[in-house]
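Chains as they are written, first to last, in this note's numbering: chain A, 30 to 151; chain S, 2 to 111.
Written out as structure tokens, the structure reads:
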């Protein structure tokens, strides 16, 4: 059973960089039998879900245009992890951040982490 | 403001059938399959319906999905208390070149 677990600081100061890691267990992040992407999604308090971006096991990354200038998503295949960096954060970046496995160029997220709350505050 | 439009809330009594709508545009629902997710706050969201109407293994057949044009619907029949959760629709958006979500519908079982 594939499992994903987010980790990282729960509190980040304004203007700093938010960094999160997703550890994948029960399967390989390098799986090539299907075209899987490893994505980050967030949910601000009281709001809906927003796709941040994703990465393929090869390292190719894809970002939501609205966040592209501030986001970097990378993959570490030996550690079976992928990571999110969001720079110059503001209070608007306060959200629950989820990592998930997406199938192809679809909105089919087959597996999700439980999510981690990141608060941006001084 | 979410790209896909869902009603913020829905409700029903045990045993009833409820439907949740999801409205989009030609660049998302109109040209790509719709997926539905069930989310209990504090837990991992769960894929409920993929490719408009297909259910992953383990999802009861009480849950069904449909799509017509730029709209989609999730139907839950034989409503149970355990169905009380937030439900989200999602579809690939060709303009964004990425997935987009609805704002979510909070289902209350009365």
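Ideal Cβ placement from N, Cα and C applies to all residues, glycine included.
| Query | Result |
| --- | --- |
| Proximity below 8 angstroms, CB of residue 45 of chain A to CB of residue 145 of chain A | no |
| Contacting positions in the stretch 77-107 of chain S - beta carbon closer than 8 angstroms to chain A | 89, 91, 92, 93, 97, 98, 99, 100, 101, 102, 103, 104 and 105 |
| Residues that residue 101 of chain A bridges to, as DSSP identifies them | A:114 |
| Per-residue burial, residue 16 of chain S [other beta carbons within 10 Å of its own, 16 or more giving buried] | exposed |
| Expected contact under 8 angstroms - CB spacing of residue 112 of chain S and residue 35 of chain S to nearest Å | Residue 112 of chain S lies beyond the range of chain S shown here (2 to 111); nothing can be said about it. |
| Supposed close pair residue 37 of chain S, residue 135 of chain A - CB separation, criterion 8 angstroms | Not a contact, Cβ separation roughly 13 angstroms. |
| Cβ-Cβ distance between residue 71 of chain S and residue 105 of chain S below 8 angstroms | no |
| Closer than 9 angstroms at the beta carbon, the chain S residues around residue 139 of chain A | 48, 51 and 57 |
| Per-residue contacts from residue 168 of chain S into chain A (C-beta, under 9 angstroms) | Residue 168 of chain S lies beyond the range of chain S shown here (2 to 111); nothing can be said about it. |
| In DSSP terms, what residue 47 of chain A is bridged to | A:115 |
| Residue(s) in a DSSP beta bridge with residue 80 of chain S | Paired residue(s): none; residue 80 of chain S is not in a bridge. |
| Span of the beta strand (DSSP E) around residue 91 of chain S | 86-94 |
| Proximal residues to residue 140 of chain A (C-beta, below 7 angstroms), its chain only, five neighbours per side dropped | 31, 33, 129 and 130 |
| Outcome for residue 60 of chain A when other beta-carbon atoms lying within 10 angstroms are tallied against a minimum of 16 | exposed |
| Reduced DSSP secondary structure (H/G/I, E/B, other) of residue 73 of chain S | strand |
| According to DSSP, residues forming a beta bridge with residue 140 of chain A | A:130 |
| Extent of the continuous beta strand (DSSP E) to which residue 56 of chain A belongs | Premise fails: residue 56 of chain A is in no beta strand (DSSP E) and is neither H nor E. |
| Opposing strand residues paired with residue 107 of chain S [DSSP bridges] | S:10 and S:87 |
| Residue 21 of chain S versus residue 102 of chain S: straight-line alpha-carbon distance, rounded | 14 angstroms |
| Proximal residues of chain A, C-beta to C-beta of residue 11 of chain S below 8 angstroms | By Cβ distance, chain A contributes nothing, its closest Cβ being about 15 angstroms from residue 11 of chain S, past 8 angstroms. |
| Assigned secondary structure, residue 120 of chain A (DSSP; H/G/I helix, E/B strand, else coil) | helix |
| Residue 11 of chain S and residue 111 of chain S closer than 8 angstroms at C-beta | no |
| Proximity winner among A:150, A:107, A:96 and A:151, relative to residue 71 of chain A (alpha-carbon distances) | A:96 |
| For residue 35 of chain S, the residue or residues it bridges with in DSSP | S:92 |
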